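Quick note: to get the numbering used here, add 153 to the position in the sequence shown (first position is 1).
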Amino acid sequence: MNRITVFCGSSFGNKKEYETQAFQLGQIMSENSIDLVYGGAKVGLMGAVADGVLNKNGKVIGVLPDFLMKKEIAHDNLTELIIVKSMHERKTKMNELSDGVIALPGGFGTLEEFFEMLTWAQLGLHKKPIGILNIDGFYDLLLEFILKMVNEGFLKEINQQMIIVSTDSQDLLLKMKSYVAPEVGKWIKKGNE
């Protein structure tokens, strides 16, 4: 893995631990010679993870829609800032540039980006590892709900297992490096079909 896309909040959240861990993830990525691809902003956890990479002289590629550029939230010190026309173009570009995905705490946008990449993997459009850095149990309820999808017959267990979860950045990166995508199709069959 040479580049990882990180999806995360444009806010810091209510716990200092979120910011601390985002910054540390950035540092660890740089120490492991992994470039960061992210949304290009200087605010919230997005800014923290970028600053962590830059703190260790790593490379950071931001992908920012032009309408957000006008709101002056672009990070000033990135290795490269790519301006795109839409949120859809942003996700497509981030996917093209990266070898894997990590989700940190965030809101609707983080979840939407994470689930789109996960859905693309489920459909076999890519075989990249997709991780969650579960800081202070932030994603516990979501992971429980995903298990409910399996138990209720809407998701295959093998597809649930595509999500790589850890509470530790270094451990998460190690798990992602050894990830092998499933070869099973997405569709669930009724009964013995």
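In this text, a Cβ means the ideal position worked out from N, Cα and C, and glycines have one as well. Just so you know, these numbers come straight off a predicted model, no measurement behind them.
Span of the beta strand (DSSP E) holding residue i?
{"i": "D405", "result": "In the structure as shown, the chain starts at 154 and stops at 346, and residue 405 therefore has no counterpart that could be examined."}
{"i": "I226", "result": "I226 -> no beta strand (DSSP E), and no H or E assigned at all."}
{"i": "G262", "result": "Unbroken run through G262 is the alpha helix (DSSP H), F261 to Q275; no beta strand (DSSP E)."}
By Cβ distance below 6 angstroms, which residues in the same chain neighbour residue i in space, the five residues on each side in sequence not counted?
{"i": "T320", "result": "N287"}
{"i": "A201", "result": "E172, A175 and F176"}
{"i": "L257", "result": "C161, A175, L198 and L286"}
Helix, strand or coil for residue i per DSSP?
{"i": "T158", "result": "strand"}
{"i": "A175", "result": "helix"}
{"i": "E242", "result": "helix"}
{"i": "E249", "result": "helix"}
{"i": "L278", "result": "coil"}
{"i": "G284", "result": "strand"}
{"i": "L234", "result": "strand"}
{"i": "G166", "result": "coil"}
{"i": "N345", "result": "Below a pLDDT of 50, predicted positions are generally treated as unreliable, and N345, at 42, falls in that range; the measurement from the model is reported next regardless. Residue state, collapsed to three classes: coil."}
How would you write the range of the alpha helix (DSSP H) that residue i sits in, first residue to last?
{"i": "A203", "result": "G197 to N208"}
{"i": "S331", "result": "First-last for S331: undefined, no H or E at that position."}
{"i": "L217", "result": "It is not in any alpha helix (DSSP H) - L217 instead sits in the beta strand (DSSP E) that spans V213 to P218."}
{"i": "M110", "result": "Within the shown structure, residues of the chain are numbered from 154 to 346, placing residue 110 beyond reach of any answer."}
{"i": "Q314", "result": "Careful: Q314 lies outside any alpha helix (DSSP H) and carries neither H nor E."}
Sorted by chain position, which residues of the same chain lie with C-beta nearer than 8 angstroms to residue i's C-beta, five sequence neighbours on each side aside?
{"i": "V206", "result": "G179, Q180, M182, S183, D188, L189, K212 and V213"}
{"i": "Q347", "result": "Nothing can be reported for residue 347: it is not among the residues displayed for the chain, which extend from 154 to 346."}
Cutting at 7 angstroms between CB atoms, please list the residues of its own chain near residue i, excluding the five before and the five after it.
{"i": "I226", "result": "A194, K195 and V196"}
{"i": "M329", "result": "M154, G253, P282, G284 and I317"}
{"i": "E170", "result": "I288 and D289"}
{"i": "Q323", "result": "I181"}
{"i": "R156", "result": "I187, D188, V190, L250, S251 and D252"}
Taking 6 angstroms as the cut-off, is the beta-carbon of residue i closer than that to any non-hydrogen atom of the ligand ZN?
{"i": "I285", "result": "As presented, the structure is devoid of all ligands, the ligand ZN included, so that no description of it is given."}
Identify the residues that DSSP records as bridge partners of residue i: which are they?
{"i": "A256", "result": "F160 and I285"}
{"i": "S319", "result": "L286"}
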